[in-house]
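Quick notes on the structure that follows.
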Amino acid sequence: MKKRKPEVPPLHMERYWSWFCCIPGLTYAQRELLLKCFGNPEALWRASDRELSYLEEKGCAFLPTVKIFRKETPPEKTEHRLKSLGIEFTSCENPRYPGRLKNLSGMPFGLFWKGKIPEEERKTVAIVGARECTRFGKETAENLAGEIARAGGVVVSGAAYGVDGAAQLAALLAGGESTAVLGCGTDIRYPAGNGRLFELLERQGTLVSEYPPGTPPRRYHFPARNRIISGLSDVTVVVEARKRSGSLITAGFAADQGKDVYAVPGRPGECLSEGCNELISQGANLFLSAESFLRTFFPEKTRQKKWCKEDLTLAPAEKLVYSSFDLHSKTLWELAECTGLSLSELGSSLLSLEEKGYIRETGQNTFAAAAWPGSS
Numbered sequence: 001m002k003k004r005k006p007e008v009p010p011l012h013m014e015r016y017w018s019w020f021c022c023i024p025g026l027t028y029a030q031r032e033l034l035l036k037c038f039g040n041p042e043a044l045w046r047a048s049d050r051e052l053s054y055l056e057e058k059g060c061a062f063l064p065t066v067k068i069f070r071k072e073t074p075p076e077k078t079e080h081r082l083k084s085l086g087i088e089f090t091s092c093e094n095p096r097y098p099g100r101l102k103n104l105s106g107m108p109f110g111l112f113w114k115g116k117i118p119e120e121e122r123k124t125v126a127i128v129g130a131r132e133c134t135r136f137g138k139e140t141a142e143n144l145a146g147e148i149a150r151a152g153g154v155v156v157s158g159a160a161y162g163v164d165g166a167a168q169l170a171a172l173l174a175g176g177e178s179t180a181v182l183g184c185g186t187d188i189r190y191p192a193g194n195g196r197l198f199e200l201l202e203r204q205g206t207l208v209s210e211y212p213p214g215t216p217p218r219r220y221h222f223p224a225r226n227r228i229i230s231g232l233s234d235v236t237v238v239v240e241a242r243k244r245s246g247s248l249i250t251a252g253f254a255a256d257q258g259k260d261v262y263a264v265p266g267r268p269g270e271c272l273s274e275g276c277n278e279l280i281s282q283g284a285n286l287f288l289s290a291e292s293f294l295r296t297f298f299p300e301k302t303r304q305k306k307w308c309k310e311d312l313t314l315a316p317a318e319k320l321v322y323s324s325f326d327l328h329s330k331t332l333w334e335l336a337e338c339t340g341l342s343l344s345e346l347g348s349s350l351l352s353l354e355e356k357g358y359i360r361e362t363g364q365n366t367f368a369a370a371a372w373p374g375s376s
């Protein structure tokens, strides 16, 4: 079959690309086949019924779906619907299509966006992990994400319950940006319980999906969306994961794409540590702390913040309190037990340390050490 040449400049092809990517029920391979046969979405739109029937006779059982959609939904209708929903579309031929995805195989032919497209020069870190995470996993994700945001990086994840959502919310609350890659349309807030996160993402972050608006979340969508999470990221960090986990799929995609993978180690025998420990045994980088991670990926920031606990110019009580912190957040009462200080003395020291940027409040009467002390 002879390929048709586009009749309009590439940038004006967006309406045809968005129409093409809105055809329901097609797999990536089926869309790829259509492009191979017709050359571009406009040619598919303008093809005769005879040309389409020829493909159907050759065994393309999905062609009736294309015919019906083409008859009922012209490109202008698709374009109008996206505009009414406040959703932007970027095709793989558009200069605004993420550069990190362009050279990777199997990437979407187009992306549907809400929010703003992150600047290409910003460093991006995927933080993924278990939905039913432990307190340690949640705090590790929050601490790392907050520090990445303060360093000017972008946190990428899937807006799921547990590690993903905790990391993204922490990045946004720290004043940073985050990109959520969804396994449904960008007009659907899934999971519904993360409503606050979605509100912040629409205001100061990004919602992105390869699925057109109205597409419900399906189990098989999520492994596919994980390739975009890793693709948009310079490095992937797995915080907690079971032995069979979607987070390990993301890590696998990252490794295949030539990206660095980090895993937070856990105690042997714990089900939420099995996945991370397995990754480490297979060669993933060992995640030791937010500070050491930032030193590797944001050296221009950490170089300005070289420090040592013994060299801090703090009052004796402040040094005592600060030396009690480790990777975990600590409550007011845990710190009182560690230091032996009265609650009034402890409260005064905590307030001073927070003002100086050495610690941060992570919850009600709960505190954690900052990755870069003195960066208030």
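Mapping of the sequence shown onto full-length UniProt numbering: position 230 corresponds to residue 230, and the numbering continues sequentially without gaps.
Backbone N, C-alpha and C define an ideal beta-carbon position, used for all residues, glycine too.
What three-state label does DSSP hand A370 in the structure shown? coil
Kindly provide the ranges of any beta strand (DSSP E) runs that are 3 or more residues long and lie completely inside the stretch 27-106, ordered along the chain. 88-91
Based on the DSSP output, what are the partners of T179 in its beta bridges? V156, T206
Between G115 and R295, what straight-line distance do the alpha-carbon atoms span, to the nearest angstrom? 30 Å
Tell me T236's beta-bridge partners as DSSP assigns them. A126, V261
Using only alpha-carbon positions, find the residue among L350, E355, I23 that is nearest to F367. L350
Residues bridged to G363 (per DSSP): T366
Report, in whole angstroms, the separation of the C-beta atoms of A170 and A145, which I expect to be a contact under 8 Å. Rounded to the nearest angstrom, the Cβ distance from A170 to A145 is 4 Å, consistent with a contact under 8 Å.
Buried/exposed call for A47, threshold 16 Cβ in 10 Å: buried
My output table needs one value for T186: the three-state DSSP class, helix, strand or coil. coil
In the DSSP assignment, what are the bridge partners of L111? T90
Is it right to say N103 is buried, meaning 16 or more other beta carbons lie within 10 angstroms of its own, or is it exposed? By the 10 Å Cβ count, N103 comes out exposed.
C-alpha distance - R324 paired with T339, whole-angstrom precision: Checking the sequence shown, residue 324 turns out to be Ser, not Arg. Roughly 7 Å separates the two Cα atoms.
DSSP state of L314 mapped onto helix, strand, coil: coil
Give the secondary structure of A331 by DSSP, where H, G and I count as helix, E and B as strand, and everything else as coil. Looking at the sequence shown, residue 331 is not Ala but Thr. Residue state, collapsed to three classes: strand.
I believe V321 touches L335 by the beta-carbon criterion, under 8 Å. Please report the beta-carbon distance rounded to the nearest angstrom. By a beta-carbon distance limit of 8 Å, V321 contacts L335. Their separation comes to about 6 Å.
Are C276 and A254 touching if we call contact CB-CB under 8 Å? A254 sits away from C276, with the two beta carbons spaced by 8 Å or more.
Any idea what DSSP makes of L351, helix, strand or coil? helix
Neighbourhood of S178 by C-beta distance below 6 Å, restricted to the same chain and skipping five residues each side: Correct list, in chain order: V155, Q168, A171, L172, G205.
Per-residue burial, D164 [other beta carbons within 10 Å of its own, 16 or more giving buried]: buried
Determine, using beta carbons only, whether E79 and S157 come nearer to each other than 8 Å. no
Would you check if there are 3 or more beta carbon pairs closer than 8 Å linking the stretch 202-222 to the stretch 119-133? no
Per the DSSP calculation, L286 is bridged to which residue(s)? A263
Would you please state the rounded distance, in angstroms, between the beta carbons of V181 and I127? I believe it to be under 8 Å. Contact flag wrong, Cβ pair sits at about 12 Å.
Close beta carbons around S352, own chain, < 7 Å, minus the five adjacent residues each side: E318
Which whole-angstrom value is the C-beta distance of F297 and T186, which I expect to be below 8 Å? The pair is not a contact, with the Cβ atoms about 28 Å apart (cut-off 8 Å).
Beta-carbon gap between L279 and A263 smaller than 8 Å: yes
Can you give the Cα-Cα distance for E56 and W45, rounded to whole angstroms? 16 Å
Exposed or buried, what is S91 when buried is set at 16 or more other beta-carbons lying within 10 Å of its beta-carbon? buried
Use the C-beta contact count for R135: other C-beta atoms within 10 angstroms, 16 or more gives buried, fewer gives exposed. exposed
Looking at the unbroken alpha helix (DSSP H) that takes in A166, where does it start and where does it end? 163-173
Just verifying my parser: in three-state terms, what is the DSSP assignment at L341? coil
How would you label G231, buried or exposed, when you count the other beta carbons within 10 angstroms and need 16 or more for buried? buried
Does the distance from the C-beta atom of F109 to that of R15 stay below 8 Å? In this structure, R15 does not lie closer than 8 Å to F109 by Cβ.
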